[in-house]
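Reading through the structure tokens given below for one structure.
In our numbering, the protein residues as written are 6 to 193.
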């Protein structure tokens, strides 16, 4: 049957502290005066993206507490959808490196992302959705969210390729890695 109440509560609440902690950590980091303005703006935008996730998580948990849990795809996804523009904007605001642009490598990377994850979107929107009762709004949300996730992966790729690692290569790589894992898991 159903898992115990505490398991369901944790499942609905578990991400909230992590998302809130991410907002606070990125907001504090964005105030560092030793960072270039582009990096600070990027961190602020990414913090706002995680702020959107935090608001969505609070609503999701509140609905669980009042006994009206939301469906996996629901109007709450309209809130979560706002995460992607903030993340994409933040990733494009990272200061650019002075490396030369390799258009062939960039085109191949884009093609691989489009084929690999585009096929998942097509699968979700057609084959998998045919087996589930979705309203028109839910189908639109699935396609729009999947497209936003694909755009986020392209922006992450851009960030890895072109952004300077300021002040720490490890910190930016960790941030981009976490966003990548989260985005791919949501897309899959």
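Using N, Cα and C, we set each Cβ at its ideal position, and we do this for glycine too.
Separation of residue j from residue i, as counted between CA atoms
{"i": "residue 49", "j": "residue 36", "result": "9 Å"}
{"i": "residue 112", "j": "residue 16", "result": "40 Å"}
{"i": "residue 176", "j": "residue 182", "result": "10 Å"}
{"i": "residue 146", "j": "residue 83", "result": "8 Å"}
{"i": "residue 187", "j": "residue 165", "result": "16 Å"}
{"i": "residue 68", "j": "residue 101", "result": "42 Å"}
{"i": "residue 47", "j": "residue 72", "result": "38 Å"}
{"i": "residue 62", "j": "residue 27", "result": "13 Å"}
{"i": "residue 13", "j": "residue 109", "result": "48 Å"}
{"i": "residue 143", "j": "residue 150", "result": "10 Å"}
{"i": "residue 115", "j": "residue 141", "result": "30 Å"}
{"i": "residue 64", "j": "residue 56", "result": "13 Å"}
{"i": "residue 191", "j": "residue 163", "result": "20 Å"}
{"i": "residue 148", "j": "residue 155", "result": "10 Å"}
{"i": "residue 44", "j": "residue 138", "result": "44 Å"}
{"i": "residue 189", "j": "residue 107", "result": "25 Å"}
Residue i vs residue j beta-carbon contact at 8 Å
{"i": "residue 92", "j": "residue 157", "result": "yes"}
{"i": "residue 21", "j": "residue 59", "result": "yes"}
{"i": "residue 96", "j": "residue 160", "result": "yes"}
Cβ separation of residue i and residue j, assumed to be a contact under 8 Å, to the nearest whole Å
{"i": "residue 66", "j": "residue 18", "result": "5 Å"}
{"i": "residue 153", "j": "residue 126", "result": "Between residue 126 and residue 153 the Cβ distance is about 10 Å, and since that is not below 8 Å, they are no contact."}
Closer than 8 Å to chain C by CB, residue i
{"i": "residue 119", "result": "Note that chain C does not occur in the displayed structure, where there is just one protein chain."}
> Would you say the region 34-54 touches the region 8-18, given that touching needs at least three Cβ pairs under 8 Å?
Replying inline: As far as the Cβ criterion goes, the region 34-54 does not touch the region 8-18, which means the pair count is below three.
> Are at least three pairs of beta-carbons, each pair with one atom in the region 46-65 and one in the region 20-32, less than 8 Å apart?
Replying inline: Taking 8 Å as the limit for Cβ pairs, the verdict is that the region 20-32 does touch the region 46-65.
> Below 8 Å, can you find three or more Cβ-Cβ pairs linking the region 113-128 to the region 86-96?
Replying inline: Between the region 113-128 and the region 86-96 there are fewer than three inter-stretch CB-CB distances shorter than 8 Å, so the stretches are not counted as touching.
>> Ignoring anything shorter than 4 residues, give me the alpha helix (DSSP H) runs that lie fully in the region 40-96, in order along the chain.
In response: Complete alpha helix (DSSP H) runs here, min 4: 42-70, 81-86.
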